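These notes are about the structure you will find just below.
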Amino acid sequence: MILAGAGSGKTRVLVHRIGHLIREKGVPPTAILGMTFTNKAAEEMRERVAGLIGKEKAKQVTLSTFHSFCMKILRKDIERLGFTSRFSLYDERDMKRLVTLVAEDLFGEQDLSPIVHSVMTAKGKGKRPEGKLGELYDKVHIAMRAHNAVDFDSLLSLTVELFKNFPEVLETYQDRFRYIMIDEYQDTNPIQYELASMLAKKYKNLCVVGDDDQSIYAWRGAEIQHILEFPADATIKLEQNYRSTSHILQAANAVIRNNLVRHDKTLKAAKESGDTIEIFNAPTDQDEVDAVIDRILHLKEHKNLRWKDMAILYRSNQLSRLFELKLMNTSWRKEGRFVRGVPYQVFGGMDFFERSEVKDLMSYLRIFANERDQEALLRIVNYPKRGISNQTLDKLTTYNRQNNIPLLELMQGITKHNPDLLNLMEELTPQGIKGINAFVTLYEKAQERFATSSLSEALQWLVETIDYKKTIFDEVKSEKAREFKWENVQECIRALNHYENQESSPTLEDFVSGALLDNRKDKRKESLADDKLNLMTFHSAKGLEFPAVFLIGIEDNLIPHVKSQTEQGIEEERRLLYVALTRAMQYLSLSMARKRVRHGKLEATNPSRFLFEIPKEILRVTSWKFA
């Protein structure tokens with residue numbers, strides 16, 4: 353186990369370990385598996401490994417996220433579990449809709465949000481709940497099989513199920529990957545832990561890298577016990593920090609030392625002491641905004657920092673709103689003249705494949721790839737409008753659930769005037785039946801197109817056939833928004849074309865699921881190339897670094913958060929502040945407001961209890977008004 357403190361160069365250690373195994377120990381590159389949590393981390397590792405051992409050998413090393421790794425395994429062997437290899441990948445929105453639909457049958461039309469939340473959480477942990485919730489949990493899994501669909505959680509749990517039920521499949525992967533490495537081990541959830549344990553059980557060559565002090569994802573199912581109780585034959589601590597000044601590290605060490613549940617380690621600075629840490633308390637939240645932006649403008653103009661060298665970090669997303677309003681209207685000096693509006697970017701915005709016009713196209717592709725993908729079908733069966741009303745859809749989905757007939761198959765039966773469906777057809781309006789006929793005709797023509805043309809040509813045909821451009825232009829009044837949405841449609845076609853050119857055996861199902869997996873990747877570092885001031889949450893900032901960092905809203909009920917007041921919750925919040933502190937390389941400012949608007953009222957606040965854990969001698973208390 354390698355305990356890698358913040359800024360200690362853990363990626364370099366992982367990369368050199370891979371290089372050492374191949375060059376010095378004679379391990380075949382194909383025998384090495386490196387598991388990461390983001391595609392970006394896997395790509396970065398591959399580039400660095402290529403620099404050590406060459407591109408050809410680096411290509412043979414399997415460096416992948418848990419989800420992508422499991423996707424490949426399931427595409428090959430999921431038929432053993434009652435799915436077909438053309439299964440769809442459901443995102444969180446698809447899953448919520450499906451769980452809600454199944455819950456309505458079981459619980460009636462009450463407020464289902466807490467029930468849906470409980471089952472979604474249980475799915476993430478791979479733990480079946482008790483009682484009625486357990487019944488819902490089982491029915492959701494049955495529905496997933498009926499739709500031939502998996503979600504991100506079941507990519508992992510189904511792989512574990514496959515390995516348990518078919519030991520020969522597990523042994524194939526154990527024999528192939530004799531050397532396993534896992535990055536960010538503190539972020540593993542129980543299913544990932546079980547998967548890693550199964551793969552490593554035969555040869556016991558497992559190397560995990562992580563930092564319990566940066567375990568900040570308990571709310572996502574991560575369990576810190578995995579790294580705290582790892583049965584290591586050897587433990588190596590990386591405590592030399594190459595990022596931050598010693599004053600910044602003294603503050604971080606002092607805070608995290610108050611956690612009782614942790615591996616003992618202390619970050620040591622490779623850099624000099626640097627400036628002390630600035631701390632100020634503004635009268636109101638608006639005054640805090642003004643004070644922080646004044647300091648940022650000073651650093652830009654007098655310390656030659658670029659916008660992208662600076663970051664404003666906060667515990668809760670709502671704190672960014674006042675900053676955005678102020679930044680849009682702030683004037684600053686550019687090449688001898690004043691310019692209005694500071695360039696900035698807020699992380700956590702909408703991704704390309706989340707945009708409605710792209711999701712619509714992807715839903716068409718999903719149903720063409722997997723005729724049982726009911727969530728995709730429901731999204732586009734009446735889009736563009738075909739006269740299939742919500743009442744018609746309600747009758748169809750009720751019939752399909754009660755009689756266990758896939759929705760598309762049911763619609764095809766109506767089109768063919770199946771005598772078994774006469775009673776159902778009598779309940780439908782002529783307009784509804786006409787719409788069903790139109791969709792089934794489109795589906796059958798599309799199947800023929802996708803079988804005989806290139807995938808991107810077939811998608812271009814679909815866009816023209818459904819007159820998608822007219823639909824967008826009819827719905828959206830702003831010329832700029834129309835152009836933006838239409839450009840996204842064109843980009844989707846280009847993305848499919850690019851995928852075809854990259855793959856030797858391109859398939860529609862791989863493109864669709866690959867796009868969803870890719871959409872979860874870490875895109876932050878691509879965005880950081882732009883010269884813009886960075887606004888992000890403490891969680892979003894993990895793994896990044898900036899010459900100047902402003903931590904705002906350092907107040908009780910914000911950090912630690914009002915909802916994290918248990919002993920475990922406080923320790924996680926302290927780790928979160930530790931992560932935020934260690935993003936700063938040279939300049940660090942901590943600020944708070946004596947009064948902050950909450951629920952429309954200006955309320956008094958208290959400084960965060962964590963501030964009192966930082967030694968006074970490394971803090972520089974200043975007036976909020978910047979001189």
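For any residue, its number in our numbering is found by taking its place in the sequence shown, counting from 1, and adding 352. Cβ coordinates follow ideal geometry from the N, Cα and C atoms, glycine included. Please read these numbers as outputs of a predicted model, since none were measured by experiment.
Could you tell me the alpha carbon to alpha carbon distance between residue i and residue j, rounded to whole angstroms?
i: alanine 867; j: leucine 619; result: 39 Å
i: tyrosine 939; j: arginine 530; result: 44 Å
i: leucine 717; j: methionine 763; result: 18 Å
i: arginine 614; j: aspartate 565; result: 7 Å
i: glutamate 809; j: glutamate 444; result: 30 Å
i: glutamate 523; j: aspartate 457; result: 41 Å
i: serine 943; j: leucine 963; result: 10 Å
i: tyrosine 525; j: tryptophan 659; result: 47 Å
i: leucine 488; j: valine 644; result: 49 Å
i: leucine 601; j: leucine 665; result: 17 Å
i: arginine 375; j: threonine 388; result: 23 Å
i: proline 858; j: leucine 760; result: 25 Å
Kindly list the residues whose CB is nearer than 6 Å to the CB of residue i, restricted to its own chain and excluding five residues on each side of it in sequence; keep chain order.
i: tryptophan 813; result: Arg801
i: threonine 628; result: His599, Ile970, Arg972
i: lysine 623; result: Thr597
i: phenylalanine 435; result: Asn500
i: asparagine 323; result: In the structure as shown, the chain starts at 353 and stops at 979, and residue 323 therefore has no counterpart that could be examined.
i: arginine 647; result: Phe978
Find out if the Cβ-Cβ distance for the pair residue i, residue j is shorter than 8 Å.
i: asparagine 391; j: phenylalanine 439; result: no
i: isoleucine 663; j: valine 901; result: Rather than isoleucine, the amino acid found at residue 663 in this sequence is alanine. Yes; because the gap between Cβ atoms is below 8 Å, this pair is in contact.
i: leucine 385; j: leucine 507; result: no
i: threonine 597; j: alanine 634; result: no
i: methionine 397; j: valine 367; result: yes
i: lysine 306; j: leucine 590; result: What is shown of the chain runs 353 to 979, which leaves residue 306 out entirely.
i: isoleucine 576; j: asparagine 557; result: no
i: alanine 798; j: phenylalanine 720; result: yes
i: aspartate 429; j: valine 512; result: no
i: isoleucine 906; j: proline 959; result: yes
i: alanine 394; j: serine 416; result: yes
Taking the beta carbon of residue i as the centre, do at least 16 other beta carbons fall within 10 Å, making it buried, or is it exposed?
i: tyrosine 594; result: exposed
i: glutamine 726; result: buried
i: isoleucine 494; result: exposed
i: phenylalanine 690; result: exposed
i: methionine 680; result: exposed
i: asparagine 656; result: exposed
i: lysine 894; result: buried
i: arginine 692; result: exposed
i: aspartate 661; result: buried
i: glutamine 783; result: exposed
i: asparagine 909; result: buried
Put residue i into one of helix, strand or coil per three-state DSSP.
i: glutamine 938; result: strand
i: tyrosine 751; result: helix
i: tyrosine 529; result: Before going further, note that residue 529 is phenylalanine rather than tyrosine in the sequence given. If DSSP states are grouped into helix, strand and coil, phenylalanine 529 belongs with coil.
i: asparagine 593; result: strand
i: tyrosine 666; result: strand
i: glutamine 697; result: strand
i: leucine 745; result: helix
i: alanine 622; result: coil
i: valine 454; result: helix
i: asparagine 886; result: strand
i: tyrosine 569; result: coil
i: aspartate 503; result: strand
i: asparagine 722; result: coil
i: serine 708; result: helix
i: leucine 426; result: helix
i: proline 583; result: coil
i: tryptophan 976; result: coil
i: isoleucine 629; result: strand
i: lysine 686; result: strand
i: glycine 562; result: strand
Closer than 7 Å by C-beta to residue i: which residues in its own chain qualify, once you throw out the five before and the five after it? Chain order, please.
i: lysine 477; result: Asn541, Pro542, Gly573
i: histidine 650; result: Phe978
i: serine 806; result: Glu852
i: glutamate 709; result: Ile824, Lys837, Asn840, Val841
i: leucine 517; result: The identity of residue 517 in the sequence shown is asparagine, whereas the question assumes leucine. The answer is none, since no qualifying residue turns up.
i: methionine 937; result: Arg595, Ser596, Glu897, Phe898, Pro899
i: leucine 780; result: Thr744, Lys747
i: tyrosine 735; result: Asp712
Could you name the residues of the same chain whose beta carbon sits closer than 8 Å to that of residue i, not counting the 5 residues immediately before and after it, in chain order?
i: tyrosine 297; result: Residue 297 is absent from the model: the chain starts at 353 and stops at 979.
i: aspartate 503; result: Leu441, Tyr442, Asp443, Glu444, Asp446, Met447, Lys475, Met496
i: valine 607; result: Arg926, Leu929, Tyr930, Leu933, Phe962, Glu965, Ile966
i: arginine 707; result: Lys837, Asn840
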